[in-house]
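Read the structure below first, then the notes.
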Amino acid sequence: MQALKNIDGVAAVLGGTPLAQSPLWNMPVDKIVPAQLIAYRAKMTLANQKPQADAVIEYLLQRVANVVGSVSMLDYTEPSDTVITSLDLARGFAKMQRPLPAAILFGLEQGMRIEDVVTLTWPKAKKLLRGGKITGYAKHVLKSQPVHIATDYVFWRQDGKKVFPLFGLEQEVFDTFGKTWGEMLSAYTRLVLVEEVHWQSLLAQVEPD
2 MQALKNIDGV AAVLGGTPLA QSPLWNMPVD KIVPAQLIAY RAKMTLANQK
52 PQADAVIEYL LQRVANVVGS VSMLDYTEPS DTVITSLDLA RGFAKMQRPL
102 PAAILFGLEQ GMRIEDVVTL TWPKAKKLLR GGKITGYAKH VLKSQPVHIA
152 TDYVFWRQDG KKVFPLFGLE QEVFDTFGKT WGEMLSAYTR LVLVEEVHWQ
202 SLLAQVEPD
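Just so you know, we're using my numbering here: the sequence shown kicks off at 2 and counts up by one.
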């Protein structure tokens, strides 16, 4: 199968764009999947070039459909702007005090309501673990959280001698990411991992200082 760059018209029109510097350029078109186009669009969005990316992808899809016919990449649909990238998460987490990033990542991984994240206790968490109702990343978050003798809450903050759950977490999420918790949950289902931020670096941000 032809490489993307060899599809008639592609090199002539797009040879001078960032697409020509991406791994997609030399890939056979039957090996390209929609998720790769979404990742390319996300990177271009981070560089404030989303309109250019959308125009490039639209042209590609037209050329491939005309020249090649049915391949997987043609199943691409323009993602909702509620998509979030691992870089977005990392930048937001870097602005927050711990354990806020841990609570947020745990809640996103588990698809939990914000109030259930705030009120999560160790007995409830252990019940989830025993029932196998927890993802690998969420399990890592739990194992990294310190236990406080004065509270059963998994995620807590301390003010002097007093220990509190993370009241106000939803507002802090909105202030940092510009999204409601529901929007964050929706965006997380389409999380795009960018090369600069892999899971190991994200998980490092949820561990105690």
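Yeah, the Cβ is synthetic: ideal placement off N, Cα and C, and Gly gets one too. Treat the numbers as computed from the prediction; the structure is a model and nothing was measured.
Environment of residue i [buried if 16+ CB atoms lie within 10 Å]
i, result
"arginine 131", "exposed"
"glutamine 111", "buried"
"aspartate 89", "buried"
"alanine 43", "buried"
"threonine 86", "buried"
"alanine 104", "buried"
"alanine 139", "buried"
"methionine 45", "buried"
"methionine 2", "exposed"
"alanine 40", "buried"
"glycine 108", "buried"
"glycine 161", "exposed"
"alanine 230", "Outside the shown range of the chain, which is 2 to 210, sits residue 230, and nothing can be said about it."
"glycine 183", "exposed"
"glycine 93", "buried"
Range of the contiguous alpha helix (DSSP H) that encloses residue i
i, result
"leucine 142", "The amino acid at residue 142 is misidentified as leucine; the sequence shows valine. 137 to 145 is the span of the alpha helix (DSSP H), which, as asked, contains valine 142."
"proline 35", "35 to 47"
"leucine 101", "101 to 111"
"glutamate 59", "51 to 68"
"leucine 15", "11 to 15"
For residue i: DSSP bridge partner residues
i, result
"valine 157", "Residue identity differs from the one stated: residue 157 is tryptophan in this sequence, not valine. DSSP lists Pro166 as partners of tryptophan 157."
"valine 193", "Thr86"
"threonine 122", "Tyr154"
"alanine 4", "Pro29"
Segment contact flag, the region 98 to 110 with the region 162 to 176, C-beta cutoff 8 Å, min 3 pairs: yes
Stretch pair the region 38 to 54 + the region 3 to 15: three plus CB contacts closer than 8 Å: no
Sufficient close CB pairs (3 or more, under 8 Å) joining the region 120 to 127 to the region 153 to 162: yes
The region 4 to 11 / the region 28 to 45 touching (three or more Cβ pairs under 8 Å): yes
Touching by the beta-carbon criterion (3+ pairs, under 8 Å), the region 144 to 153 and the region 168 to 183: no
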